[in-house]
Structures are given as structure tokens and as C-alpha cells.
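Participant: Would you mind keeping the following structure in view while I ask a few things?
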Amino acid sequence: MVYAVVRTSGRQEKVEVGSIITVNRVAGDAKGKLELPAVLLVDGDTVTTDAAALAKVKVTAEVLEDLRGPKIVIQRYKNKTGYKSRQGHRQDLTRLKVTGIK
Numbered sequence: 001m002v003y004a005v006v007r008t009s010g011r012q013e014k015v016e017v018g019s020i021i022t023v024n025r026v027a028g029d030a031k032g033k034l035e036l037p038a039v040l041l042v043d044g045d046t047v048t049t050d051a052a053a054l055a056k057v058k059v060t061a062e063v064l065e066d067l068r069g070p071k072i073v074i075q076r077y078k079n080k081t082g083y084k085s086r087q088g089h090r091q092d093l094t095r096l097k098v099t100g101i102k
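As C-alpha cells, then:
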């Protein structure tokens, strides 16, 4: 079993070939291909964490779609002062499919 931990959008995700992950909006090349930097690689019983060895590891992914996350409501309220504020936010996301770990 081969899997890797990759760093993307300030977070780390555990991925295998064929897995689908949702990350903050990233842009691929013209064909929708993307390369993710590996932080850890597990190949059977072998665990690789050395930065020099991980520089040779290529985790490739393809962009499936760009989407928006669920709406969150930010609401602030101060008691007895009449202050209230309300704001909404939807995060821009990208759905990726991992195509290879080499």
C-alpha cells in the first residue's frame, strides 16, 4: 500500500492514487494538471521523511472542478449597546483527483 502526505493550501492531506480531496482554490496548468509537494511517503514498510529523498517524489493530481464551500454566517453582538453586525462568507474550493505517486 502506497500513500503520501502532501502539503497544499497551508494544510496536510493524506492521499493515495485515485483519492479525491477538496482543498482551497488552486490553479492547475492549461490541461488541469497539478503537482503537490510530498511531506511523507509510505511504501509498504518503508517510511520516507528525508527532505532530499522527498524532493524526488512527484505526487500528481488533476483538477476535477472548482466549487464554493458552504455559507458560514459571522455574527457579532454586544449586549445593551445596540451593536450588531452580520456577515457571510463562502470559501472558494477545488476538488482534486490524485493520479500518481512516483
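Residue numbers for the sequence shown follow full-length UniProt numbering, so the first one is 1 and each next one is one higher. Beta carbons: idealized from backbone N, C-alpha and C, even for Gly.
#1: Could you pull the start and end residues of the alpha helix (DSSP H) that A51 belongs to?
#2: State the beta-bridge partners of R86 as determined by DSSP.
#3: To the nearest angstrom, report how far apart A53 and G88 are at their CA atoms.
#4: Quick test of your reading: E62 and K33, contact by CB under 8 Å. State the CB separation rounded to the nearest angstrom.
#5: For Q75, collect the residues of the same chain with a Cβ closer than 8 Å to its Cβ; drop the 5 residues on either side in sequence, then sort them by chain order.
Facilitator: This is what the structure holds:
#1: In the sequence shown, residue 51 corresponds to position 51, counting from 1. From DSSP, the alpha helix (DSSP H) with A51 extends over 51 to 54.
#2: On the sequence shown, position 86 is the one that residue 86 refers to. Q75.
#3: Taking the first residue of the sequence shown as position 1, residue 53 is located at position 53. Taking the first residue of the sequence shown as position 1, residue 88 is located at position 88. Rounded to whole angstroms, A53 to G88 spans 44 Å at the Cα level.
#4: Working through the sequence shown from its first residue, we reach residue 62 at position 62. Working through the sequence shown from its first residue, we reach residue 33 at position 33. About 6 Å; that satisfies the 8 Å criterion.
#5: As a working mapping, residue 75 is identified with position 75 in the sequence shown. Cβ neighbours of Q75 beyond the five flanking positions: K84, S85, R86, Q87.
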